[in-house]
Amino acid sequence: MINKIKKLFQSYIFNIALIIFITLLVLYLTLKDSFSDVVKILSNANIYWVLSTIIISIFIQFVIGEGLFLLTKLSNPHYTRRDGAINAFVASFFHGITPSASGGQFAQVYIFKKQGVGLSDSASVLWMDFIIYQSTMIALVLFLIIIRFAYFKANFSDLFYLVIVGFLVNSAVIIGLWALVKFPRVYRFITTKGIKLAFKLKIIKNQNEALEKLNLQLNRFEKETKRLKEHKLLILKVVIVNLFRLLLYYSLPYFCAKALNLEVNFGLLIDIIALSSYVSMINAFIPIPGASGGTEATFMYLFSHIFGGVTTSGLMILWRFVTYYLIMLIGGVVFIIAKNLPDKITERE
Numbered sequence: 303m304i305n306k307i308k309k310l311f312q313s314y315i316f317n318i319a320l321i322i323f324i325t326l327l328v329l330y331l332t333l334k335d336s337f338s339d340v341v342k343i344l345s346n347a348n349i350y351w352v353l354s355t356i357i358i359s360i361f362i363q364f365v366i367g368e369g370l371f372l373l374t375k376l377s378n379p380h381y382t383r384r385d386g387a388i389n390a391f392v393a394s395f396f397h398g399i400t401p402s403a404s405g406g407q408f409a410q411v412y413i414f415k416k417q418g419v420g421l422s423d424s425a426s427v428l429w430m431d432f433i434i435y436q437s438t439m440i441a442l443v444l445f446l447i448i449i450r451f452a453y454f455k456a457n458f459s460d461l462f463y464l465v466i467v468g469f470l471v472n473s474a475v476i477i478g479l480w481a482l483v484k485f486p487r488v489y490r491f492i493t494t495k496g497i498k499l500a501f502k503l504k505i506i507k508n509q510n511e512a513l514e515k516l517n518l519q520l521n522r523f524e525k526e527t528k529r530l531k532e533h534k535l536l537i538l539k540v541v542i543v544n545l546f547r548l549l550l551y552y553s554l555p556y557f558c559a560k561a562l563n564l565e566v567n568f569g570l571l572i573d574i575i576a577l578s579s580y581v582s583m584i585n586a587f588i589p590i591p592g593a594s595g596g597t598e599a600t601f602m603y604l605f606s607h608i609f610g611g612v613t614t615s616g617l618m619i620l621w622r623f624v625t626y627y628l629i630m631l632i633g634g635v636v637f638i639i640a641k642n643l644p645d646k647i648t649e650r651e
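In this note's numbering, the protein residues as written are 303 to 651.
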């Protein structure tokens, strides 16, 4: 039964159908008591600001592509910014249609291969990208939690602890890998008592396979962190790219609010960035493709404290469209085009 469920969630058709179903359900629940009011808010939107939010959302994918370009060019001098952008759009599409965003990296490896990047190099790039992005994201969200801790704890007490747990979950992967590499005692504990306990609790099925996978992950992590230390200027550039990417993404509800003619001033921007990052933290617990349903509900709860219920409904619809559905649509088209392009054959310089 469990295997059948796993196979079902591995089906792209099922996942897309699930996304559509949950989206329609969310729209029904959101609009059932205030349909005309929300439609009025959306119909009166400022077209120039709407176009601006769309452009910003698309531009974020090119920023992601810039990070991939910088990292890939290190080992593949012929890699272009266009290649990086294509890879970014395809990754976003497959992240969006697979549970817990699990399919993006597999799609990226496929696209890298078509772009003339070998399997070893693509794995290296994806590890470096993960390490830098995850570290940058953790640092930024920690900063946002610290500077607005008192206010948000007081106003969102029932969800704020979930935000903290989500932050810890997102932090645990990168911090855990670093700790296992740097502290042999922690590694010995995990490889002996930890994996053995997980096996007894039936969390893992095969102790030897789990240990092999852990060692593979640690070796790759250690190799890429050492490699990054040799290119400090590159690290700085990619950190700046990721910080810019995150700030743009977290700011999108602000631009969506401007598009809907809501009363927002520049002073609200830091709160909106913080709330948007908290939505992302809570998404860590939602394994459904695109974190559908949970994302909308969390956004509605957090932002309704600033804009009110009906207005936030319109804001959520616009925000979700430009950040998810639009990018999914473009990413799907880019993937169809990219997979039909001839494979690049390049020579290393």
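Ideal Cβ placement from N, Cα and C applies to all residues, glycine included.
Bear in mind that the values here come from a model prediction, so they are computed numbers and not experimental data.
Under the three-state DSSP convention, the category residue i falls into
| i | result |
| --- | --- |
| HIS380 | coil |
| SER553 | helix |
| ILE572 | helix |
| ARG547 | helix |
| LYS375 | coil |
| GLY406 | helix |
| ASN472 | helix |
| ARG650 | Bear in mind that a pLDDT of 48 at ARG650, under 50, signals an unreliable position, so the number given afterwards is only what the model happens to contain. Here ARG650 sits in coil by DSSP. |
| GLY478 | helix |
| MET303 | Any reading at MET303 needs caution, since the residue's pLDDT is 43, under 50, leaving its predicted position unreliable; the model's value is listed next. Coil, per DSSP. |
| LEU442 | helix |
| PHE485 | coil |
| ASN563 | coil |
| GLN417 | coil |
| ASN389 | helix |
| ASP645 | coil |
| ASN585 | helix |
Start-to-end residues for the alpha helix (DSSP H) that takes in residue i
| i | result |
| --- | --- |
| HIS607 | 596–609 |
| PHE451 | 451–457 |
| ILE632 | 628–641 |
| THR625 | Segment: none, THR625 is in no alpha helix (DSSP H) and carries neither H nor E. |
| GLU524 | 509–531 |
| ASP339 | 337–345 |
Buried or exposed (CB count within 10 angstroms, at least 16 for buried), residue i
| i | result |
| --- | --- |
| ILE321 | buried |
| ASN585 | buried |
| LEU518 | exposed |
| ARG622 | buried |
| LEU353 | exposed |
| LEU577 | buried |
| VAL635 | exposed |
| ASN567 | exposed |
| PRO644 | exposed |
| ASP460 | exposed |
| ASN378 | buried |
| ASN642 | exposed |
| LEU327 | exposed |
| VAL544 | The residue asked about is misnamed: residue 544 is Asn in this sequence, not Val. ASN544 is buried by the Cβ-count criterion. |
| PHE601 | buried |
| ASP370 | The sequence given here has Leu at residue 370, not Asp. So LEU370 ends up on the buried side. |
Residue i versus residue j - alpha carbon distance
| i | j | result |
| --- | --- | --- |
| LEU550 | ILE358 | 7 Å |
| LEU428 | SER336 | 44 Å |
| ASP573 | ASN510 | 47 Å |
| GLY393 | ALA456 | Residue identity check: residue 393 is Ala in the sequence provided, not Gly. Their Cα atoms are separated by approximately 37 Å. |
| LEU292 | LEU536 | In this structure the chain extends from 303 to 651, so residue 292 is not present and cannot be described. |
| LEU619 | ALA512 | According to the sequence shown, residue 619 is Ile rather than Leu. If you take the alpha carbons of ILE619 and ALA512, they lie about 42 Å apart. |
| SER473 | ALA599 | 23 Å |
| SER422 | ALA441 | 29 Å |
| TYR603 | VAL465 | 13 Å |
| PHE557 | TRP351 | 7 Å |
| HIS533 | THR527 | 10 Å |
| LEU520 | SER424 | 17 Å |
| ILE399 | PHE445 | 31 Å |
| ALA561 | PRO555 | 10 Å |
| LEU482 | GLU514 | 14 Å |
| ILE632 | ILE639 | 11 Å |
| GLY611 | ILE542 | 36 Å |
| GLY406 | ILE608 | 34 Å |
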